[in-house]
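These notes are about the structure you will find just below.
In UniProt numbering, the protein residues as written are 1 to 592.
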């Protein structure tokens, strides 16, 4: 061929050249495939996370619906349509809470102790406010209640009979107030009737009429308005009404308190002081085994120093596990000692997963903070805290006597002297905690431990909370058998809730089971709201502890406050002997 001809390339050469040129494209495609695969894996992982979150939200929704259903059932059981008491229609006066709770003649009969004997320890419940609409309503209700208390306090300051009372007394009277509603022409009180109720006019006017010689009908002698009061003689003694009080307009409203409640709030506490002193001074002060011996400061300092030397990273390697003291859903408690030393501790191992699953983070932090601040011989001491990938650890004072509940279960019930000794130790712990402004809220035999010498020490502070003095909290928590009525009714509770649980503990120690028990918490709450008056106290409980139980478990929480006040009363001139434990006199706290 000539130079003008073009030679066609061979097929093999063409394919080879094409292959060589396209090699970078194939490498790029492989890289893209790998990226796509990784993105698909990431998307799949995200989908799994979203599904898990959606499942968790569904679980929370079901729990919330179940709690709402429980609240509805409880409200139906006690005859209320909501937790707050709405004013009745103007045409009818309001009914008081106690009249609703105490209506009917049904009494709760206790079954044999063997039937009620628990096969497992009682468990506490908690209903911390969560985010969303429920939390908003909860906060709104608390703000409304607190605002009402403030308004009542301000209003009382204008009532001449009450204005000189200390603010804390006024706050307690507010707690037991009821509002009665009257229509125009309705008699509030009648001349000649016996009465024990004191009235303060909150809205409207009333006419005061009185029988007068020479007139067939009573004559109007004065008109009372908002801030005026009547029936004050009934607060001092048995009173025969000397005049008629008649509402002059519809929807007249009066704040009402009866003599018993008023005396509990502003009277003296001498009677109860004498009673409690007589009740607790039963054991011989010469019994050296029952005289509280505080650990030496040097010994405690040594324990703290040895615990402080433990490494945060390798503390488990520095401890030797001797035995398992207890196990539960939370984890376990191990008896441990320092290697090469005879110093023993209790190591509480709490699963992080359990804390997250049960949403107990705040309770764990609260327990740690409170125990680190306490220094009482009747409260288990916390020396150190640790954590790793799976557990949170608390290094605690060891109590080799075990749970009081285990001893009670084996013995069926305690004799009165034994129960009195245990209650004295609990009183010491409560006196210390309440003085620091801490409410415990989970008293039960399962949370009381025995040390090597047999003294009772309080443990498990997951529900404890620092509320300060003269304040309240609204968290629903505790063990159903021990929870106080004001906690169930969401009225706000304080140290009185602990006093209620103390009465329940006295009953359980003497009988072997609590007065309110059952398999359904809703039924237990209903029995609690009916009160201790509906419980048949077994004959084996003598008159003195029975009286104390009824005082502590009074449906009105301010009566538990009375006992708290008594425990705080200043006995600077002498000492009280609490079940054989010689203790310093209880200090007074002006803020209570």
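Built from N, CA and C at the ideal position, the CB exists for glycine as well.
Assigned secondary structure, residue i (DSSP; H/G/I helix, E/B strand, else coil)
{"i": "residue 360", "result": "coil"}
{"i": "residue 527", "result": "helix"}
{"i": "residue 332", "result": "strand"}
{"i": "residue 81", "result": "A caution first: residue 81 carries a pLDDT of 38, below 50, which makes its placement in the model too unreliable to give a value."}
{"i": "residue 234", "result": "helix"}
{"i": "residue 380", "result": "coil"}
{"i": "residue 452", "result": "coil"}
{"i": "residue 520", "result": "coil"}
{"i": "residue 555", "result": "coil"}
{"i": "residue 387", "result": "strand"}
{"i": "residue 489", "result": "coil"}
{"i": "residue 212", "result": "coil"}
{"i": "residue 418", "result": "helix"}
{"i": "residue 503", "result": "helix"}
{"i": "residue 398", "result": "coil"}
{"i": "residue 478", "result": "strand"}
{"i": "residue 46", "result": "helix"}
{"i": "residue 258", "result": "strand"}
{"i": "residue 186", "result": "coil"}
{"i": "residue 129", "result": "Caution is warranted here: a pLDDT of 46 is assigned to residue 129, below 50, making its placement in the model unreliable, and the coordinate value is therefore given only provisionally. In this structure, residue 129 counts as coil in the three-state DSSP scheme."}
{"i": "residue 294", "result": "Because residue 294 carries a pLDDT of 42, less than 50, the predicted location of this residue cannot be relied on, and the following value inherits that uncertainty. In the structure shown, residue 294 sits in coil (DSSP, three-state: anything other than H, G, I, E or B)."}
{"i": "residue 511", "result": "helix"}
{"i": "residue 59", "result": "helix"}
{"i": "residue 178", "result": "strand"}
Classification of residue i by the beta-carbon crowding that lies within 10 angstroms, buried from 16 upward
{"i": "residue 493", "result": "buried"}
{"i": "residue 356", "result": "exposed"}
{"i": "residue 429", "result": "buried"}
{"i": "residue 452", "result": "exposed"}
{"i": "residue 88", "result": "Because the pLDDT of residue 88 is 39, which lies under 50, any placement of that residue in the model is unreliable, and the number read from its coordinates should be weighed accordingly. Exposed: under 16 other Cβ atoms inside 10 Å."}
{"i": "residue 6", "result": "Here residue 6 scores only 43 on pLDDT, less than 50, and its place in the model should not be relied on; the value that follows carries that caveat. Classification of residue 6: exposed, given that the 10 Å Cβ count is below 16."}
{"i": "residue 365", "result": "exposed"}
{"i": "residue 525", "result": "buried"}
{"i": "residue 411", "result": "exposed"}
{"i": "residue 259", "result": "buried"}
Which listed residue (the options) has its alpha carbon closest to that of residue i
{"i": "residue 536", "options": "526, 550, 544 and 525", "result": "550"}
{"i": "residue 377", "options": "496, 218 and 454", "result": "454"}
{"i": "residue 178", "options": "193, 242, 253 and 306", "result": "253"}
{"i": "residue 243", "options": "312, 188 and 260", "result": "188"}
{"i": "residue 461", "options": "443, 475 and 508", "result": "443"}
{"i": "residue 250", "options": "224, 186, 370 and 522", "result": "186"}
{"i": "residue 488", "options": "64, 427 and 522", "result": "522"}
{"i": "residue 326", "options": "311, 347 and 313", "result": "347"}
{"i": "residue 422", "options": "409, 458 and 397", "result": "458"}
{"i": "residue 463", "options": "456, 469 and 475", "result": "475"}
Strand pairing of residue i, partner residues [DSSP]
{"i": "residue 194", "result": "240"}
{"i": "residue 207", "result": "223 and 246"}
{"i": "residue 374", "result": "None, per the DSSP bridge assignment."}
{"i": "residue 338", "result": "319"}
{"i": "residue 466", "result": "438"}
Within 9 angstroms, strictly: CB atoms of residue i and residue j
{"i": "residue 465", "j": "residue 441", "result": "yes"}
{"i": "residue 392", "j": "residue 386", "result": "yes"}
{"i": "residue 445", "j": "residue 500", "result": "no"}
{"i": "residue 481", "j": "residue 519", "result": "no"}
{"i": "residue 361", "j": "residue 354", "result": "no"}
{"i": "residue 593", "j": "residue 255", "result": "The chain is shown only over 1 to 592; residue 593 falls outside these bounds and no answer can be derived."}
{"i": "residue 226", "j": "residue 247", "result": "no"}
{"i": "residue 477", "j": "residue 124", "result": "yes"}
{"i": "residue 485", "j": "residue 529", "result": "yes"}
{"i": "residue 399", "j": "residue 449", "result": "yes"}
Cβ-heavy atom distance, residue i to the ligand PLP, below 8 angstroms
{"i": "residue 390", "result": "Of the ligands one can find in the structure shown there are none, so the ligand PLP has no counterpart to examine."}
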